[in-house]
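Asker: Under our numbering, the first residue of the sequence shown carries the number 6, and numbering increases by one thereafter.
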Amino acid sequence: NHPNHQGKLFLLFDPTHVFKCIYNNFQCRKLFECPKFDDVSITANFNDLKELYHIEQTKVVKMAYQLNDKCLKPQPIEKSNVSLAASVFSESTRNAMQFYVDNGYPQWEGTLNFLKIISKWWDILNVKSTSKGKHKRDVNSEPITNANYNIVAEFFKKVVDWLIKWQSSGKIGFSAETFKTFKHT
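1. Let me know the secondary structure DSSP gives His7 once reduced to three states.
2. How about Phe192 and Lys35: do their beta carbons lie closer than 9 Å?
3. Does the distance from the C-beta atom of Lys55 to that of Leu89 stay below 9 Å?
4. Identify which residue in Asp43, Glu114, Ser92 has its Cα closest to the Cα of Met102.
5. Give the straight-line distance between the Cα atoms of Leu117 and Thr183, rounded to the nearest whole angstrom.
6. Can you give the beta carbon distance from Trp171 to Gly178, rounded, assuming they're within the 8 Å contact cut?
7. Between Ser97, Ala158, Ser134, Tyr110, which has its C-alpha nearest Trp126's C-alpha?
8. So, under 8 Å CB-CB, Ser48 and Ala69 are touching, yes? Tell me the CB distance rounded to an integer number of Å.
9. For the region 31-94, list the alpha helix (DSSP H) runs that are entirely contained and at least 4 residues long, ordered along the chain.
10. Return the residue from the list Lys176, Asp128, Gln112 that minimises the CA-CA distance to Leu57.
In structure tokens, the structure reads:
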């Protein structure tokens, strides 16, 4: 409690900065050995995204059309560009991975599951208008209201519990700073 404020005061790290840190950690470390999330196993490999990109590189129509060389191999100065992170965690990338998981690349499922968790977290926090959810037809992009507060709060609690379990496991993961800011946010 803040002395000049009646009630609780909640501090957030900038979610955009945390999102970029998640992307940078994933891009630099390449492999994450995560604990289960909702009883789903997760081992995320950044190289799966590179392989997806290379499979689609020569196709006229691409499902993962937002993946490109810049987001898969960014220059140091480009790592602070949120659009590169958004490309990796985009709906088109997730949908393409789901297609390939279902059609001959089941080894990508752990990466797909990781993308889904991070994307949902980002979609919930990255709402800038009251109509975004309706426009995108995405319940995760609806503003947080009394009607959906419990669902959102439960998801965030699951994410925090997952991060605590992951960090304490000692398995390959985020930097200590990213774990801390991600949990706090």
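Here a beta-carbon is modelled for each residue, glycine too, at the ideal position from N, C-alpha and C.
For clarity, every value in this text was computed on a predicted model and none was experimentally measured.
Answerer: To lay it out plainly:
1. Here His7 scores only 46 on pLDDT, less than 50, and its place in the model is too uncertain to base an answer on.
2. The structure shown has nothing for residue 192, since the chain only spans 6 to 190.
3. no
4. Glu114
5. 21 Å
6. 5 Å
7. Ala158
8. Note that residue 48 is Thr in the sequence shown, not Ser. With 8 Å as the limit, Thr48 and Ala69 do not qualify as a contact, their Cβ atoms being about 20 Å apart.
9. 51-61, 74-77, 87-93
10. Gln112
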